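To start, the structure itself, in structure tokens.
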Amino acid sequence: MNLYMPAAFDLPSGLSYFNGNSLGPLTKRAKARVGEVTAQEWGAHLIRAWNTCDWMSMPARLGDRLAHLIGAGESTVMVGDTLTLKVYQALDAALAIAPNGRTVLSDTGNFPTDLYAAKQVADALILVEPEAIMDRLSKDIGVLLLTHVDYRTARVHDMKQITRAAQDRGIICIWDLAHSAGTLSLDIDQSRAEFAIGCTYKYLNGGPGAPAFIYARPDLIADINPRLVGWMGHATPFDFDLSYACGQGRERWRIGTPPVLQMAALDGALDLWDQMDLDQLETEARALGDHFIAGMDALCPGLSLVSPRLSQARGGHVSYAFDQGYALMQALIQDHQIIGDFRAPDRLRFGFSPLYNSKKQIDHLVETIASLLKTKAYEKPEYALKSRVT
Ligand SMILES: *Cc1c(COP(=O)(O)O)cnc(C)c1O
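The sequence shown begins at 1 in my numbering and counts up one residue at a time.
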């Protein structure tokens, strides 16, 4: 299968986009689907569309469409809300069944939102370096909350090995797949992890603010009683019962009214993902990363690689440290039509997707960085101005 399909995307011509790890680009299918749902469903059917167009089951249908991307079975994945809310739901459900108590273990490579949530809901949060996780697993830990691929360095945790070691000690595992889904080949069922969560606006091209997903191991779902609940997760929402009765299976993860237009965008984007060969995707994504690193070794030896050099230890992006990183990235974006991003304090981050990035584009990226380093053109004062979003 040829994964390189730039024609499926609506990217501005001449632009090199290396930021699909943060916001996946617009697909033509997503654009068309939003148009259809807006005009033909919302416009023509109005409120009837909840039934006539089955808007009500969109969160579950989208969950089924993306289940194969994380190696989950049918009826185990629910789409909705933002990832931050799904972190709370997963943590709450995990802590409720954790035999070892309410202490959460995570690592310093985790994303802030996950750590803030853990701090709020756990009795205690223990943070160690990512490399120290295996050694810290012990019976004083109730729940392990890890992000599979580090958002800064792209370092990958060994999901199977860590999950097995944690479960041997009675620890409940939550994996955040935000930076893995849509770039690595995942098998959440086989890992036996209790919970997984992730978002769809990064590699999966669901669009800005696209809903998140949540998975619970099938043997657990019937006993989960979420505390963050709303009428949409009720067993019979249209009875308008005064008291809450939790819905069947994964329905209980629902909270409020689903964002239909946002889900339409994801629905369209997933057309590209239905037949995806994840092993091939992972291999090709890492090969692009290797190509970038080889180019940087040759032309930009002054920048230091902060991602693992070994491709199997890496997700789909590659980061370099450079003290003028913010200004250099601004120069790439403003003057060279090359988009990556910057993560404090000094990280240049580039995400690679075999779907629309080519080796030729990467060669151009490396040559442009090399020339900026040589001329110091990034030293212009306007590149130092920090925007609200970096
Ligand atoms: C991107 C990301 C988030 C973002 O959460 P939102 O609620 O979608 O803003 C959270 N956690 C991780 C690990 C992420 O990579």
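Beta carbons are placed, not taken as given, at the ideal position from N, Cα and C, and that holds for glycine. Since the model is a prediction, treat every value here as computed from it, not as a measurement.
Legend entry - Endpoints, the beta strand (DSSP E) within which residue 342 is located: Your numbering for residue 342 matches position 342 in the sequence shown. Residue 342 -> beta strand (DSSP E) spans 341-343.
Inset, instruction - Give the straight-line distance between the Cα atoms of residue 258 and residue 69, rounded to the nearest whole angstrom. - result: Here residue 258 refers to the residue found at position 258 when the sequence shown is read from its first residue. Here residue 69 refers to the residue found at position 69 when the sequence shown is read from its first residue. Distance between the alpha carbons of residue 258 and residue 69: 22 Å.
Legend entry - Contact belief for residue 130 with residue 164 at Cβ below 8 Å, rounded distance in angstroms: Locating residue 130 in the sequence shown gives position 130, where the first residue counts as 1. Locating residue 164 in the sequence shown gives position 164, where the first residue counts as 1. Actually they are not in contact, since the Cβ atoms of residue 130 and residue 164 sit about 18 Å apart, beyond 8 Å.
Inset, instruction - Ignore the nearest five residues each way along the sequence and tell me which others in residue 326's own chain have a CB closer than 6 Å to its CB. - result: Translated into the one-based positions of the sequence shown, residue 326 becomes position 326. Taken in chain order, the residues that qualify are 342.
Legend entry - heavy atom of ligand 1 below 6 Å from residue 176 C-beta: Taking the first residue of the sequence shown as position 1, residue 176 is located at position 176. Because some heavy atom of ligand 1 lies under 6 Å away, the Cβ of residue 176 counts as near it: yes.
Inset, instruction - Take residue 204 as the anchor and find which of 22, 35, 241, 114 has the nearest alpha-carbon. - result: Translated into positions along the sequence shown, residue 204 becomes position 204. Looking at the Cα atoms, 22 is the closest of the given residues.
Inset, instruction - Taking all protein chains shown into account, decide if residue 297 is buried (16 or more other Cβ within 10 angstroms of its Cβ) or exposed. - result: Residue numbering aside, residue 297 sits at position 297 when the sequence shown is read from its first letter. Burial call: exposed.
Inset, instruction - For residue 17, count neighbouring Cβ atoms within 10 angstroms of its own Cβ and tell me buried if that reaches 16, exposed if not. - result: Here the question's residue 17 lines up with position 17 in the sequence shown. With 16 or more Cβ atoms within 10 Å of its Cβ, residue 17 is classed as buried.
Inset, instruction - Note down the Cα distance separating residue 72 from residue 375, rounded to an integer number of angstroms. - result: Taking the sequence shown and counting its residues from 1, one reaches residue 72 at position 72. Taking the sequence shown and counting its residues from 1, one reaches residue 375 at position 375. So the alpha carbons of these two residues sit roughly 50 Å apart.
Legend entry - Proximity winner among 357, 256, 61, 304, relative to residue 24 (alpha-carbon distances): Taking the first residue of the sequence shown as 1, we reach residue 24 at position 24. Ranking 357, 256, 61, 304 by Cα distance to residue 24 puts 357 first.
Inset, instruction - Whole angstroms is fine: what's the gap from residue 184's alpha carbon to residue 160's? - result: Taking the first residue of the sequence shown as position 1, residue 184 is located at position 184. Taking the first residue of the sequence shown as position 1, residue 160 is located at position 160. Near 14 Å, if we compare the C-alpha coordinates of residue 160 and residue 184.
Legend entry - Opening and closing residue of the alpha helix (DSSP H) in which residue 180 lies: In the sequence shown, residue 180 corresponds to position 180, counting from 1. Neither: residue 180 is in no alpha helix (DSSP H) and is coded neither H nor E.
Inset, instruction - Verify whether the separation of the beta carbon atoms of residue 56 and residue 355 is less than 7 Å. - result: Within the sequence shown, residue 56 is the residue found at index 56, counting from 1. Within the sequence shown, residue 355 is the residue found at index 355, counting from 1. Contact: no.
Legend entry - DSSP-derived helix/strand/coil call for residue 38: Here residue 38 refers to the residue found at position 38 of the sequence shown. Helix, per DSSP.
Inset, instruction - Buried or exposed for residue 202, please, with buried defined as at least 16 other CB atoms from any protein chain shown within 10 angstroms of its CB. - result: As a first step, residue 202 must be located in the sequence shown, where it is residue number 202. It is buried - the Cβ of residue 202 has at least 16 other Cβ atoms within 10 Å.
Inset, instruction - Return the CA-CA distance between residue 283 and residue 295, expressed in angstroms with no decimal places. - result: Position 283 of the sequence shown, counted from the first residue, corresponds to residue 283. Position 295 of the sequence shown, counted from the first residue, corresponds to residue 295. Each residue's Cα considered, the two are about 18 Å apart.
Inset, instruction - From the DSSP output, read off the bridge partner residues of residue 107. - result: Here residue 107 corresponds to residue number 107 of the sequence shown, with the count starting at 1. The partner list for residue 107 (beta bridge, DSSP) reads 128.
Inset, instruction - Could you give the DSSP three-state label for residue 17: helix, strand or coil? - result: For the purposes of this step, residue 17 is taken as the residue at position 17 of the sequence shown. Residue state, collapsed to three classes: strand.
Inset, instruction - Quick one: give me the first and last residue of the alpha helix (DSSP H) that residue 65 is part of. - result: Residue numbering aside, residue 65 sits at position 65 when the sequence shown is read from its first letter. Start and end: 58-70.
Inset, instruction - Could you name the residues of the same chain whose beta carbon sits closer than 6 Å to that of residue 278, not counting the 5 residues immediately before and after it, in chain order? - result: Your numbering for residue 278 matches position 278 in the sequence shown. These residues qualify, in order along the chain: 185.
Inset, instruction - Could you check if residue 292 is buried or exposed, using at least 16 other CB atoms within 10 Å of its CB as the buried criterion? - result: Counting from one through the sequence shown, the residue named residue 292 turns up at place 292. So residue 292 counts as buried.
Inset, instruction - List in chain order: all unbroken beta strand (DSSP E) runs of 3+ residues lying wholly within the stretch 192-242. - result: 195-199, 212-216
Legend entry - Three or more C-beta pairs below 8 Å linking the stretch 129-144 and the stretch 212-230: no
Inset, instruction - Report yes if the C-beta of residue 213 is less than 6 Å from at least one heavy atom of ligand 1; otherwise report no. - result: Working through the sequence shown from its first residue, we reach residue 213 at position 213. No.
Legend entry - residue 238 burial status per 10 Å Cβ neighbour count (16 or more: buried): The count along the sequence shown starts at 1 and reaches residue 238 at position 238. Its Cβ having fewer than 16 others within 10 Å, residue 238 is exposed.
Inset, instruction - For residue 314, name the three-state secondary structure that DSSP assigns. - result: Locating residue 314 in the sequence shown gives position 314, where the first residue counts as 1. Strand.
Inset, instruction - Note down the Cα distance separating residue 286 from residue 244, rounded to an integer number of angstroms. - result: As a first step, residue 286 is located in the sequence shown; it is residue number 286 there, counting from the start. As a first step, residue 244 is located in the sequence shown; it is residue number 244 there, counting from the start. C-alpha separation (whole angstroms): 47 Å.
Inset, instruction - Specify whether the stretch 315-335 and the stretch 360-372 touch according to this definition: at least 3 beta carbon pairs, one from each stretch, less than 8 Å apart. - result: yes
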